[in-house]
């Protein structure tokens with residue numbers, strides 16, 4: 001039996017709980033991050049570390065799969081690392097240091113990636129991706145690319161800050177709303193945008209603290225046209241759509257437009273007091289993980305059919321501002 | 336009618352009438368009940384709507400077997416009586432409303448007929464059968480309120 005909720009706010013809160021990372025898992029990830037940092041700094045290899053990615057931006061949905069950790073190498077190693085083979089050598093140094101402290105850890109179990117040394121700890125259900133970096137100006141770092149044997153410019157710290165600032169402005173609601181937006185990726189296979197694109201869309205449409213339904217409706221309305229143009233990640237540097245073709249853009253626009261129409265219908269229903277009907281419509285938008293509304297009885301449906309509207313989910317309501325207005329009429333017979 | 340425009344519309348098929356017989360269109364519609372009614376085993380209905388060039392419309396239930404009806408005209412066409420023609424326009428479909436509200440009205444009527452067959456009660460105010468010099472007046476406060484709410488300005 002699906003969870004039920006009679007109000008839109010209640011339904012969104014239950015849905016939010018389903019998407020949030022498990023608190024104890026988050027705590028374990030943070031503790032392991034601190035332990036690895038202490039170990040690497042003590043070894044003299046590393047100046048500092050910071051987390052990047054959706055885990056640290058708090059926009060990750062459960063389950064926690066990986067933690068991205070940028071490891072800024074000690075300044076004394078710069079000359080050695082800034083030579084051919086430097087990025088791979090940095091990863092080898094990190095590997096040796098971690099292996100000494102965690103003998104049962106495995107490395108690059110999924111195959112080596114360009115930027116990160118993947119570490120699998122047998123006691124954790126998620127992996128750590130250690131990304132070696134050289135310090136740059138201010139918030140900038142240069143991260144290792146062992147495939148191309150170079151150090152690449154990265155403003156991950158700026159992205160962390162920008163997202164955090166937006167989240168603070170919205171009283172912490174923004175990250176929850178981003179997670180809800182990202183859940184469309186699971187529901188609609190044609191919405192194969194990267195997770196950061198959802199964050200960018202939310203960054204360009206949710207500016208202040210808003211109830212979840214209003215914020216998500218704003219996001220969808222914005223997305224329905226934004227996908228036809230450039231979408232810059234929240235720091236405003238990189239266009240995340242650079243490799244999209246026209247067909248992709250059209251497909252995303254159509255999907256977002258259809259979802260946006262439903263979201264707007266749900267807002268109208270709630271505004272007119274049809275909370276259960278609005279929950280119904282949101283469930284149709286988000287899928288079966290979203291709580292269900294209490295079912296409408298046959299007698300209530302027949303009674304509401306007298307005048308009002310029919311929602312896109314087939315609920316008869318007394319407001320005409322549903323998807324399908326339903327004008328009253330008196331049936332009759334000529335004789 | 337775009338996909339998803341009308342709740343419950345499972346399938347629609349249109350046939351153009353030959354011009355010499357009085358141009359028009361026949362629409363065959365298969366309409367599923369609302370979820371609240373589907374849960375109680377209400378059937379999918381097959382309706383045929385005839386729209387003539389002069390905007391006259393007729394709706395017929397295409398149910399294959401015998402059925403009882405409360406609001407269906409006698410005669411060979413056996414059209415459904417969707418509305419009382421002398422009601423205020425607030426309580427009537429008019430051609431300017433377009434096809435979607437007409438189909439909504441047909442769908443509702445078929446669900447009401449099924450409700451009447453099951454319970455012996457018409458779920459909303461209806462008009463007495465036949466006509467007379469003075470129009471049948473609205474009987475209930477709900478219908479009078481609906482007339483005000485849906486007034487055409």
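Residue numbers (the numbering used here), protein chains in the order written: chain X, 1 to 335; chain V, 336 to 488. From the three backbone atoms N, C-alpha and C, an ideal C-beta is built for every residue, glycine too. Computed from a predicted structure; not experimentally measured.
Between the CA atoms of residue 273(X) and residue 147(X) - distance to the nearest angstrom: Within the first chain, the letter at position 147 stands for residue 147(X). Within the first chain, the letter at position 273 stands for residue 273(X). Between the C-alpha atoms of residue 147(X) and residue 273(X) there is a straight-line separation of about 58 Å.
Nearest to residue 298(V) (by Cα), restricted to the options 45(X), 302(X), 85(X): Residue 298(V) falls outside the range modelled here, since chain V spans only 336 to 488, and no answer is possible.
Residue environment, residue 296(X), which counts as buried when at least 16 other CB atoms sit within 10 Å: In the first chain, counting from the first residue as 1, residue 296(X) sits at position 296. By the neighbour-count rule (16 or more Cβ atoms within 10 Å), residue 296(X) is buried.
Where do the ends of the alpha helix (DSSP H) carrying residue 451(V) lie? One-based indexing of the second chain puts residue 451(V) at position 116. Boundaries of the alpha helix (DSSP H) harbouring residue 451(V): 434 to 454, taken from the DSSP string.
Report yes or no: is there a C-beta of chain X within less than 9 Å of the C-beta of residue 455(V)? One-based indexing of the second chain puts residue 455(V) at position 120. No, residue 455(V) lies away from the interface with chain X (no Cβ there is under 9 Å from its Cβ).
Cβ closer than 8 Å: which chain X residues qualify as neighbours of residue 422(V)? Taking the first residue of the second chain as 1, we reach residue 422(V) at position 87. By Cβ distance, chain X contributes 329, 330.
Check residue 48(X) in the structure and name its three-state DSSP category. Numbered from its first residue, the first chain carries residue 48(X) at position 48. Strand, per DSSP.
Test: residue 486(V) CB closer than 9 Å to a CB of chain X: Mapped onto the second chain, residue 486(V) falls at position 151. For residue 486(V), the answer is no, since every Cβ of chain X falls outside 9 Å of its Cβ.
What are the boundary residues of the alpha helix (DSSP H) that residue 154(X) is part of? Residue numbering aside, residue 154(X) sits at position 154 when the first chain is read from its first letter. Secondary structure note for residue 154(X): it is in no alpha helix (DSSP H), and the uninterrupted beta strand (DSSP E) holding it is 150 to 154.
Should the region 169 to 178 of chain X be regarded as contacting the region 210 to 222 of chain X, the criterion being three or more beta carbon pairs within less than 8 Å? yes
Does the beta carbon of residue 347(V) sit closer than 9 Å to a beta carbon anywhere in chain X? On the second chain, position 12 is the one that residue 347(V) refers to. Not one chain X Cβ lies under 9 Å of residue 347(V).
Of all the alpha helix (DSSP H) runs that stay within the bounds of the region 111 to 186 of chain X, which reach a length of 4 or more residues? 156 to 169, 173 to 182
Which partner residues of residue 298(X) appear in the DSSP bridge assignment? Sequence index remark: in the first chain, residue 298(X) carries index 298 (1-based). Answer is none; residue 298(X) lacks a bridge partner.
Continuous alpha helix (DSSP H) stretch holding residue 282(X): start and end: On the first chain, residue 282(X) is found 282 positions in, with the first residue counted as 1. 275 to 286 is the extent of the alpha helix (DSSP H) around residue 282(X).
Select from the region 290 to 307 of chain X all residues with a C-beta closer than 8 Å to any C-beta belonging to chain V, and list them in chain order. 295, 296, 297, 298, 300, 301, 302, 303, 305, 306, 307
Find the nearest neighbour of residue 258(X) within the set 310(X), 191(X), 318(X), judged by alpha-carbon distance. For the purposes of this step, residue 258(X) is taken as the residue at position 258 of the first chain. Measuring from the Cα of residue 258(X), the nearest candidate turns out to be 191(X).
Which chain X residues sit within Cβ distance under 7 Å of residue 426(V)? Within the second chain, the letter at position 91 stands for residue 426(V). Residues of chain X passing the Cβ test: 328, 329, 330.
Using the rule of at least 16 other Cβ atoms within 10 Å of the residue's Cβ for burial, across every protein chain shown, is residue 182(X) buried or exposed? As a first step, residue 182(X) must be located in the first chain, where it is residue number 182. Label assigned to residue 182(X): buried.
Using DSSP bridges, identify the partner residues of residue 346(V). By 1-based counting over the second chain, the position of residue 346(V) is 11. In DSSP, residue 346(V) forms a bridge with 365(V).
For residue 436(V), which residues in chain X fall below 9 Å Cβ to Cβ? Against the second chain, residue 436(V) aligns to sequence position 101. Correct list: 324, 325, 326, 327.
Within this structure, are the beta carbons of residue 72(X) and residue 52(X) separated by less than 9 Å? Reading the first chain from its first residue, position 72 is the one you call residue 72(X). Reading the first chain from its first residue, position 52 is the one you call residue 52(X). Going by C-beta atoms, residue 72(X) is not nearer than 9 Å to residue 52(X).
Suppose you measure from the CA of residue 345(V) to the CA of residue 450(V); what does that come to, to the nearest Å? The residue labelled residue 345(V) in the question sits at position 10 within the second chain. The residue labelled residue 450(V) in the question sits at position 115 within the second chain. C-alpha separation (whole angstroms): 21 Å.
Which residues does DSSP list as the beta-bridge partners of residue 83(X)? On the first chain, position 83 is the one that residue 83(X) refers to. Paired residue(s): none; residue 83(X) is not in a bridge.
Chain X contact for residue 350(V) (CB, 9 Å cutoff): Reading the second chain from its first residue, position 15 is the one you call residue 350(V). With 9 Å as the cut-off, residue 350(V) does not count as an interface residue toward chain X.
Run through the DSSP bridge pairs and tell me what residue 325(X) is partnered with. Your numbering for residue 325(X) matches position 325 in the first chain. 309(X), per the DSSP bridge assignment.
Under 9 Å (Cβ pairs) to chain X, residues found in the region 362 to 391 of chain V: 367, 368, 369, 370, 371, 372, 373, 374, 375, 377
Over what stretch of residues does the beta strand (DSSP E) that includes residue 383(V) continue unbroken? Start at 1 with the first residue of the second chain, and residue 383(V) comes out as number 48. Under the DSSP assignment, residue 383(V) falls in the beta strand (DSSP E) whose first and last residues are 380 to 387.
Figure out for me which residue from 438(V), 367(V), 446(V), 471(V) has the closest Cα to the Cα of residue 461(V). As a working note, residue 461(V) is residue 126 in the second chain. Nearest of 438(V), 367(V), 446(V), 471(V) to residue 461(V), Cα basis: 471(V).
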